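To start, the structure itself, in structure tokens.
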Amino acid sequence: MEAVRQLVEKAKKNDKAAFERLVLLYQKRVYNLALKLTGSVQDAQDLAQEVFVRAFRSLGAFRQEADFGTWLHRIAVNIWLNSRRRAVVPTVSLDQQVDTGEGTVNREVGTLADEPETVVMAGELSELLQKALEQLPREQKAVLVLRELEGLSYGEIAAVMNCSLGTVRSRLSRAREALRRQVVERARQERIHIPGGKLACVVESDKK
Amino acid sequence: MRCRKAKKMLSPWLDGALAAAPESGFLRHLDRCPSCAREARQLKAITGALRAHWAEAEPPPWLAAGVMARLEEAPARPVYALRLKALSLAVSVLLVFGLHSLVARDYLARWPVAPAAAPRDGLALPEDPAELPVVDNYVPADLAPEAAEPEVTKAAPVVAAPVERQRGPVPAPAPEVTAAAPAPEAAVAVPAVEAAPVLVASLDTVVIPGPEVFLPQKRVAEGVTLRVAVPSMAAAAAQLEEVAASYGLAPAMEYTVLAHDGRLVRIYRYDVPFMLANQFVAGTTSLGRLLSEQRAASDISGEYNSKLEQYLQLAAQAGSGEEGSAGTAALLLGDLARMHQAAQAMKSFTIWLES
Chain A
1 MEAVRQLVEK
11 AKKNDKAAFE
21 RLVLLYQKRV
31 YNLALKLTGS
41 VQDAQDLAQE
51 VFVRAFRSLG
61 AFRQEADFGT
71 WLHRIAVNIW
81 LNSRRRAVVP
91 TVSLDQQVDT
101 GEGTVNREVG
111 TLADEPETVV
121 MAGELSELLQ
131 KALEQLPREQ
141 KAVLVLRELE
151 GLSYGEIAAV
161 MNCSLGTVRS
171 RLSRAREALR
181 RQVVERARQE
191 RIHIPGGKLA
201 CVVESDKK
Chain B
209 MRCRKAKKML
219 SPWLDGALAA
229 APESGFLRHL
239 DRCPSCAREA
249 RQLKAITGAL
259 RAHWAEAEPP
269 PWLAAGVMAR
279 LEEAPARPVY
289 ALRLKALSLA
299 VSVLLVFGLH
309 SLVARDYLAR
319 WPVAPAAAPR
329 DGLALPEDPA
339 ELPVVDNYVP
349 ADLAPEAAEP
359 EVTKAAPVVA
369 APVERQRGPV
379 PAPAPEVTAA
389 APAPEAAVAV
399 PAVEAAPVLV
409 ASLDTVVIPG
419 PEVFLPQKRV
429 AEGVTLRVAV
439 PSMAAAAAQL
449 EEVAASYGLA
459 PAMEYTVLAH
469 DGRLVRIYRY
479 DVPFMLANQF
489 VAGTTSLGRL
499 LSEQRAASDI
509 SGEYNSKLEQ
519 YLQLAAQAGS
529 GEEGSAGTAA
539 LLLGDLARMH
549 QAAQAMKSFT
559 IWLES
């Protein structure tokens, strides 16, 4: 931790070699978070790079009392929430654009599952979960990713999303309920039944 | 326990965040209520599946190199702190050798030798020695204004010499004083200094504000705050950078905050020359939807004059051999130069982007 602290101090003084060390230290964490948020390898690469570029530019605002990793998480979530929000705005042919941070790239219309590389989880079950996650509002997906996939505590999530513990609790509760409904609905529609699988109880018990 | 209350406890229960007593009540409810029990099972299964099926991936090997390459592309942002640091270093060297005499004579006398040092701060100073600023240590009360050429008056203001005991009320407007001695030989009227200051730093590395900075006068700073809602922060930020760069401007400050309602807000501050202000407003508002535009003018004379007084005191101390105040003086000098320039030629723009 002390090593990170020193690297951050050096990087603040525009020491690019020190910052590169930080990138190497944190790239796996940031990249995996980006992968979970975006659900696409390409987008995750873009997001991860953008996170580090922004981090370097705003190092001056980083106070050492916060954890550097948490701070990077925060930047990642902010950028992602922001870049995705635009996709919701009905503007001319903007709905399929991917924000790369340097500009925008048009993307072909297609479901996530159609492109093999965009499926992060393998198998039918994972696909179901992935699609269900995609359907959630961004804030809900973010809070689920941070809690379930990143294993962050309520306090850490509050720090990353810049909200209160109460908001984390209620967002998480709503997000879980929304995901549950999505999964149950999709499982029913696609007649997915996985004997012995972890979701078996989901589909079976809901049919009763 | 009713279902409604039990459903609220589902999420904290999954995280093991329920206290013992509420949890036992919750579990008793699940025993009795098949509907809630089913939801609990489903949630637990989904959570478990999520965690189990997400394997960690390796980032692409070029990721770090890609980041570093992008950092190289990005232009370095000028930060006041950095400029002040350089200034502080330079000025502290000068202070050791007596800044007041240096400003009064050597700096100005050497001015034509190293003109490169001047325009850096955007303060126009004449290159022709004949138009050199007239230096004086006192303000004659009985001088009638002469018919001096207006441009000389403008370009060659008086240095109110930083000697405390002689710093009387300097009449404003200043040009009247300047008009008193437009001839170059008037520079000889500089009072003799005990020892000729030795200049160790070469002048082209030293940024000393123009002499008019030392002149008490009315200073009003104009500010514009533009709040713009933008569809994409990344695109808008890049566009703003482009607009600013096309005018040769660099942000004086930039910071990003997340508003309480989850909006991303980025705030820039630019110092924009008067001539470009309207164009800059147009360029900025084209980034998105203009939410508000506020213009304000504040009289900074009071603040300026008290800083000036403080600075002159410190400079006089440094001149008499006292040490320890050079850093503060340098900071003050930087502030003074910035405030002066802001009042003379710049509008301070605060650009608030939100999305």
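Protein sequence lines correspond, in order, to chains A and B. Here the working numbering is used: the first sequence runs in plain steps of one and ends on residue 208. Here the working numbering is used: the second sequence runs in plain steps of one and ends on residue 563. No residue lacks a Cβ here, since even glycine has one placed at the ideal position from N, Cα and C. These figures come from a predicted structure and were not determined experimentally.
Does the ligand SAM have a heavy atom nearer than 7 angstroms to the CB of residue i?
| i | result |
| --- | --- |
| alanine 228/B | Only the bare structure without any ligand can be found here, which leaves the ligand SAM out of the picture. |
Quick one, which of the options has its alpha-carbon nearest residue i's?
| i | options | result |
| --- | --- | --- |
| threonine 38/A | Phe56/A, Val53/A, Val77/A | Val77/A |
| arginine 180/A | Leu47/A, Leu25/A, Leu136/A | Leu136/A |
| tryptophan 229/A | Val51/A, Asn82/A, Trp80/A | No answer is possible for residue 229/A: the residues shown for chain A start at 1 and end at 208. |
| arginine 29/A | Lys13/A, Lys12/A, Arg74/A | Arg74/A |
| tryptophan 262/B | Glu185/A, Arg174/A, Glu127/A | Glu127/A |
| phenylalanine 68/A | Ile79/A, Leu165/A, Arg186/A, Glu156/A | Glu156/A |
| leucine 499/B | Ser563/B, Ala257/B, Gly256/B | Ser563/B |
| lysine 555/B | Cys211/B, Leu258/B, Leu218/B, Pro459/B | Pro459/B |
| glutamate 420/B | Glu266/B, Leu544/B, Gly456/B, Ala248/B | Leu544/B |
| leucine 165/A | Val275/B, Arg210/B, Ala445/B, Pro220/B | Pro220/B |
| aspartate 15/A | Ile254/B, Glu280/B, Ala214/B | Glu280/B |
| glutamate 462/B | Pro269/B, Arg278/B, Thr558/B | Thr558/B |
| glutamate 247/B | Lys216/B, Pro267/B, Ala272/B | Lys216/B |
| glycine 224/B | Lys252/B, Ala524/B, Ala452/B, Val438/B | Lys252/B |
| leucine 484/B | Ala453/B, Pro439/B, Arg249/B | Ala453/B |
| glycine 456/B | Ala442/B, Ala524/B, Gln487/B, Arg471/B | Gln487/B |
| threonine 255/B | Gly491/B, Gln525/B, Leu218/B, Arg278/B | Leu218/B |
Do residue j and residue i count as a contact pair if the criterion is CB distance below 8 angstroms?
| i | j | result |
| --- | --- | --- |
| leucine 146/A | leucine 133/A | no |
| leucine 235/B | cysteine 244/B | no |
| leucine 22/A | leucine 35/A | no |
| leucine 495/B | leucine 541/B | no |
| valine 489/B | leucine 539/B | no |
| alanine 537/B | leucine 516/B | no |
| alanine 429/B | alanine 550/B | yes |
| valine 53/A | valine 436/B | no |
| alanine 444/B | valine 438/B | yes |
| alanine 3/A | phenylalanine 56/A | no |
| glutamate 148/A | leucine 33/A | no |
| alanine 214/B | cysteine 241/B | yes |
| valine 184/A | glutamine 250/B | yes |
| alanine 159/A | alanine 18/A | no |
| methionine 547/B | tyrosine 512/B | yes |
| serine 83/A | alanine 446/B | no |
Can you name the residues of chain D whose CB is closer than 8 angstroms to the CB of residue i?
| i | result |
| --- | --- |
| tyrosine 478/B | The structure shown contains no chain D; the protein chains it does contain are A and B. |
Indicate the three-state DSSP secondary structure (helix, strand or coil) for residue i in the structure shown.
| i | result |
| --- | --- |
| glutamine 502/B | strand |
| valine 428/B | strand |
| methionine 209/B | coil |
| leucine 297/B | At leucine 297/B the pLDDT is 45, less than 50, meaning the model places this residue with poor confidence; the figure from the coordinates comes in the next sentence. If DSSP states are grouped into helix, strand and coil, leucine 297/B belongs with the helices. |
| leucine 561/B | strand |
| glutamate 462/B | strand |
| arginine 57/A | helix |
| valine 367/B | With a pLDDT of 42 at valine 367/B, under the threshold of 50, the modelled position of this residue cannot be trusted, and the question is left open. |
| aspartate 507/B | strand |
| serine 556/B | strand |
| leucine 136/A | coil |
| leucine 520/B | helix |
| valine 473/B | strand |
| valine 385/B | Its pLDDT being 38, under 50, valine 385/B is placed unreliably in this model, and the value from its coordinates should be taken loosely. Three-state DSSP puts valine 385/B in a helix. |
| valine 438/B | coil |
| arginine 63/A | coil |
| proline 269/B | coil |
| tyrosine 455/B | coil |
| threonine 361/B | Any reading at threonine 361/B is ruled out, since the residue's pLDDT is 38, under 50, leaving its predicted position unreliable. |
| aspartate 223/B | coil |
| aspartate 564/B | As displayed, chain B neither begins before 209 nor continues past 563, which places residue 564/B out of reach and without an answer. |
Ordered along the chain, which non-local residues of its own chain (more than five positions away) have a Cβ less than 7 angstroms from that of residue i?
| i | result |
| --- | --- |
| serine 509/B | Lys426, Arg427 |
| arginine 5/A | Gln64 |
| proline 481/B | Ala553, Met554 |
Would you grab the beta carbon distance between residue i and residue j for me? Rounded to a whole angstrom, and I think it's under 8 angstroms.
| i | j | result |
| --- | --- | --- |
| valine 473/B | tryptophan 560/B | 7 angstroms |
| leucine 59/A | isoleucine 79/A | No, leucine 59/A and isoleucine 79/A are not in contact; Cβ-Cβ is about 16 angstroms, not under 8 angstroms. |
| alanine 175/A | glutamine 140/A | 4 angstroms |
| leucine 271/B | glutamine 49/A | 7 angstroms |
| leucine 81/A | alanine 142/A | 6 angstroms |
| proline 268/B | glutamine 45/A | 6 angstroms |
Tell me which residues share the same chain as residue i and place their Cβ nearer than 6 angstroms to its Cβ, disregarding the 5 neighbours each side in the sequence.
| i | result |
| --- | --- |
| alanine 504/B | Gly431 |
| valine 287/B | Caution is warranted here: a pLDDT of 36 is assigned to valine 287/B, below 50, making its placement in the model unreliable, and no coordinate value can be reported. |
| tyrosine 154/A | Leu165, Val168 |
For residue i, which residues from the same chain have a beta carbon less than 8 angstroms from its beta carbon, with the 5 sequence-adjacent residues on both sides left out?
| i | result |
| --- | --- |
| arginine 477/B | Pro459, Ala460, Met461, Glu462, Ser556, Phe557, Thr558, Ile559 |
| glutamine 27/A | Ala48, Phe52 |
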